[in-house]
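Student: Sending over a structure as structure tokens; questions will come in a sec.
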Amino acid sequence: AVRLIGRRRWRYRRYAIAPYRTDDATPEQVLALFQDWHQQIHQRLHRRLLFGQPYLALEEHAQPTDGGAEMTMTIVCPEQFVAALDGRLAATYPHSRIGHAFTRRFEPLELDISWRHAIVRLRKRRGFTATVKTDTREFDQPVIEAQLAAMAACGHPMTVQTVFTPTFPAFERVAR
Numbered sequence: 001a002v003r004l005i006g007r008r009r010w011r012y013r014r015y016a017i018a019p020y021r022t023d024d025a026t027p028e029q030v031l032a033l034f035q036d037w038h039q040q041i042h043q044r045l046h047r048r049l050l051f052g053q054p055y056l057a058l059e060e061h062a063q064p065t066d067g068g069a070e071m072t073m074t075i076v077c078p079e080q081f082v083a084a085l086d087g088r089l090a091a092t093y094p095h096s097r098i099g100h101a102f103t104r105r106f107e108p109l110e111l112d113i114s115w116r117h118a119i120v121r122l123r124k125r126r127g128f129t130a131t132v133k134t135d136t137r138e139f140d141q142p143v144i145e146a147q148l149a150a151m152a153a154c155g156h157p158m159t160v161q162t163v164f165t166p167t168f169p170a171f172e173r174v175a176r
């Protein structure tokens, strides 16, 4: 009962990510960004047992329009973490922001995702201890650009959501 009540305190909101077209980061910088985000939302074991572990989700939304597909990048996280996540994003991508453009007010995005008719869940073939390939230097373009181009080419509304839930350090050591 305590845990169910504790989980209610995580009020998740969807915030638009405003990427800047000339911001660029190395794979090492992006890896450091995700590691820092992991540390920012990670809860100690005793708090995790009582209140649960919050998650972080990155989403890409494609909505076809007359002029082509309208793409929206969002982040879904508990509202109390958005300022810290935004600060770390700005350290990696200096001109990109979460939930705001020129003010420090973090406004949640009201996005009507009415096209949720089918869900396809993708999983790795190997066990959870095997890592996903992260070295993208051999690809012609960044992976996110290829994903967004494929989503836009479909001509149907589409959302891709990637969810990150931190595990506690002892589990990570055993998994490695």
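Just so we're aligned, residue 1 is where the sequence shown starts under our numbering, counting upward by one. Every residue gets a Cβ at the ideal spot worked out from N, C-alpha and C, and that includes glycine.
Along the chain, where does the beta strand (DSSP E) containing F81 start, and where does it finish?
Tutor: Unbroken run through F81: none, as it is neither H nor E.
Student: With three or more C-beta pairs closer than 8 Å as the rule, is the segment 39–48 touching the segment 143–162?
Tutor: Touching, no, given that fewer than three Cβ pairs across the two stretches are closer than 8 Å.
Student: Would you mind giving the Cβ-Cβ distance between Q40 and F81, rounded to the nearest angstrom? I have them listed as a contact below 8 Å.
Tutor: Contact flag correct, Cβ pair sits at about 6 Å.
Student: Starting from the C-beta of Q29, find all residues in its chain whose C-beta is less than 6 Å away, skip the five residues before and the five after it, and write them out in chain order.
Tutor: Cβ within range, chain order: T92.
Student: Who are the near neighbours of H38 in its chain, counting only those whose CB is closer than 6 Å to its CB and skipping five residues on each side?
Tutor: Result list for H38: P166, in chain order.
Student: Going by beta-carbon coordinates alone, are P75 and I17 separated by less than 8 Å?
Tutor: Here the sequence assigns Ile to residue 75, which means Pro is not the residue at that position. Yes, these two residues count as a Cβ contact at 8 Å.
Student: In whole angstroms, what separates the C-alpha of A177 from that of V120?
Tutor: Since the displayed the chain opens at 1 and closes at 176, residue 177 lies outside it and no answer follows.
Student: For Q161 and M73, what's the separation of their Cα atoms in angstroms?
Tutor: Approximately 10 Å between the Cα atoms of the pair.
Student: Give a yes or no on whether the C-beta atoms belonging to P78 and R11 are separated by under 8 Å.
Tutor: Cβ distance < 8 Å, so P78 and R11 count as in contact.
Student: Take E110 as the anchor and find which of R13, Q147 and G52 has the nearest alpha-carbon.
Tutor: If we check each option's Cα against that of E110, R13 comes out closest.
Student: With a CB to CB cut of under 6 Å and the five nearest residues on each side skipped, what residues in its chain are close to F164?
Tutor: Closer than 6 Å at Cβ, skipping near neighbours: L56.
Student: Evaluate P54 with the Cβ neighbour count: other Cβ atoms within 10 Å of its Cβ, from every protein chain shown; 16 or more gives buried, anything less gives exposed.
Tutor: Looking at its Cβ environment, which holds 16 or more other Cβ atoms inside 10 Å, P54 is buried.
Student: Quick check on the burial criterion: 16 or more other C-beta atoms within 10 angstroms. Buried or exposed for H61?
Tutor: Answer is buried; the Cβ neighbour count reaches 16.
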